[in-house]
Amino acid sequence: MNESSHNRFVILGPPGAGKGTQGKILAETLGLRHIASGDLVRQHQANETTLGIASQTYYSMGLLVPDVITFQIVLPEVLKAADGFLLDGFPRNIHQAERLDQELKLKNLQVDLTLLITAPEEEIMHRLANRRVCPTCKRVYHKQSAAPVVDNVCDNCQVPLLQRKDDTLDAIKIRMEEYHAQTLPLAQYYRSQNKLMEVSGLGEVQDVLHRILGCLQEYQPSETFANGPGAQQPNLSLSFKKRPV
Ligand code: AP5
């Protein structure tokens, strides 16, 4: 692995901006491991681990899980994939970002680039209220923009889709407050290190993806696309349905 290449990415953005949707495709494209802290928290909850149980109340209310729990859930996964990762949902506050920097520094590594995906509140509400998730394969749907073939049934597993516990109106409001108070300051943290790219999350999934890939290419044309283990061409064939106007 060429350590001068850019293999350690962080995606920031408000709830529902499309971090998970874009993160999954980008990680595949760049050959990096997609580490979504929310997925890890939900996995611990599903497995009823001590950490999962301890995180439940915070999660359901839309609050950030305390750092002491989050670090135990997320950091081992990050450090296992330190050669090439795309972090989605972590770090989520300055303390987490500083801890991540310290851990990477011990390996002579650093966060190379941060992507901030933005979206207006009205769009966020529309996306989160209509998001549905397969309880088995965890595939994420949207009732309009990424609808399953059969209403409310997973295309892969044929089981009924569910709404996330934190996609209630009350929890979304708190998640937005948490984002503004705790996570948005990270934009300045990374901007001051000249590591922040900002991209609008509006438009269809493919359009947002092209926008991000265009920015990445401007940032680092030759290296960014070549170095991740097993990098692939962007998967633009996903059949996202156009949202009715
Ligand atoms: P987490 O799971 O990270 O939730 P989030 O940050 O609120 O983000 P979301 O998953 O809601 O949205 P997204 O941006 O990934 O959007 P998506 O692509 O799904 O965290 C949940 C909780 O876990 C936290 O509140 C906290 O309690 C805890 N937690 C996690 N990490 C933590 C940490 N580091 N520290 C402390 N606590 C932590 O898209 C949303 C919907 O829109 C989908 O239906 C999708 O199909 C659709 N969609 C996506 N893109 C488009 C598009 N371009 N057009 C139309 N629809 C679209």
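One rule links them: number in my numbering = place in the sequence shown (from 1) + 15.
For each residue, glycine too, the CB sits at the ideal point set by N, CA and C.
Computed from a predicted model, the values in this text were never measured in an experiment.
Reduced DSSP category for residue i - H, G, I as helix; E, B as strand; rest coil
i, result
"residue 105", "coil"
"residue 31", "coil"
"residue 75", "helix"
"residue 200", "helix"
"residue 142", "helix"
"residue 177", "strand"
"residue 266", "Not covered by the structure: residue 266. The range shown for the chain is 16 to 260."
"residue 215", "strand"
"residue 21", "coil"
"residue 161", "strand"
"residue 147", "strand"
"residue 47", "coil"
"residue 85", "helix"
"residue 239", "A caution first: residue 239 carries a pLDDT of 46, below 50, which makes its placement in the model unreliable, though a value can still be read off. Residue 239: coil per DSSP, three-state reduction."
"residue 36", "helix"
"residue 257", "Interpretation of residue 257 is limited by its pLDDT of 28, a score under 50 that renders its predicted location unreliable; no figure is taken from the coordinates."
"residue 56", "helix"
"residue 26", "strand"
"residue 231", "helix"
Which listed residue (the options) has its alpha carbon closest to that of residue i
i, options, result
"residue 174", "100, 190, 156 and 189", "156"
"residue 125", "150, 135 and 98", "98"
"residue 22", "208, 102 and 220", "102"
"residue 160", "53, 218, 80 and 233", "218"
"residue 7", "40, 33, 36 and 47", "Lying outside 16 to 260, the shown extent of the chain, residue 7 is not represented and no answer is given."
"residue 232", "35, 128 and 86", "128"
"residue 53", "44, 96 and 34", "34"
"residue 100", "165, 50 and 222", "50"
"residue 145", "134, 158, 191 and 154", "158"
"residue 121", "137, 94 and 142", "94"
"residue 92", "59, 81, 203 and 74", "59"
"residue 189", "75, 44 and 55", "75"
"residue 171", "79, 184, 154 and 187", "154"
"residue 223", "193, 134 and 194", "134"
"residue 138", "43, 117 and 187", "187"
"residue 191", "136, 70 and 119", "136"
"residue 107", "39, 81 and 38", "81"
Residue i versus residue j - alpha carbon distance
i, j, result
"residue 216", "residue 225", "11 Å"
"residue 131", "residue 61", "29 Å"
"residue 214", "residue 67", "33 Å"
"residue 148", "residue 109", "30 Å"
"residue 123", "residue 207", "20 Å"
"residue 168", "residue 162", "9 Å"
"residue 89", "residue 105", "8 Å"
"residue 115", "residue 150", "30 Å"
"residue 113", "residue 140", "31 Å"
"residue 209", "residue 230", "14 Å"
"residue 57", "residue 63", "10 Å"
"residue 221", "residue 36", "10 Å"
"residue 237", "residue 65", "Its pLDDT being 45, under 50, residue 237 is placed unreliably by the model, and the measurement read from it follows with that caveat. Taking the straight line from one Cα to the other gives about 44 Å."
"residue 77", "residue 204", "23 Å"
"residue 211", "residue 185", "31 Å"
"residue 227", "residue 45", "12 Å"
"residue 79", "residue 193", "7 Å"
Local Cβ density within 10 Å of residue i, reported as buried at 16 or more and exposed below that
i, result
"residue 152", "exposed"
"residue 41", "buried"
"residue 72", "exposed"
"residue 182", "buried"
"residue 111", "buried"
"residue 165", "exposed"
CB contact below 7 Å: residue i versus chain B
i, result
"residue 175", "This model lacks chain B altogether; it includes just one protein chain."
Discussion item. Is it the case that the region 189-201 contacts the region 28-41, given that we only count it when at least three CB pairs across the two stretches are under 8 Å?
Written reply: The region 28-41, when compared against the region 189-201, does touch it at the 8 Å Cβ threshold.
Item to complete: Would you check if the region 84-92 and the region 169-188 touch, i.e. whether three or more CB-CB distances between them fall below 8 Å?
Response: Segments in contact, no.
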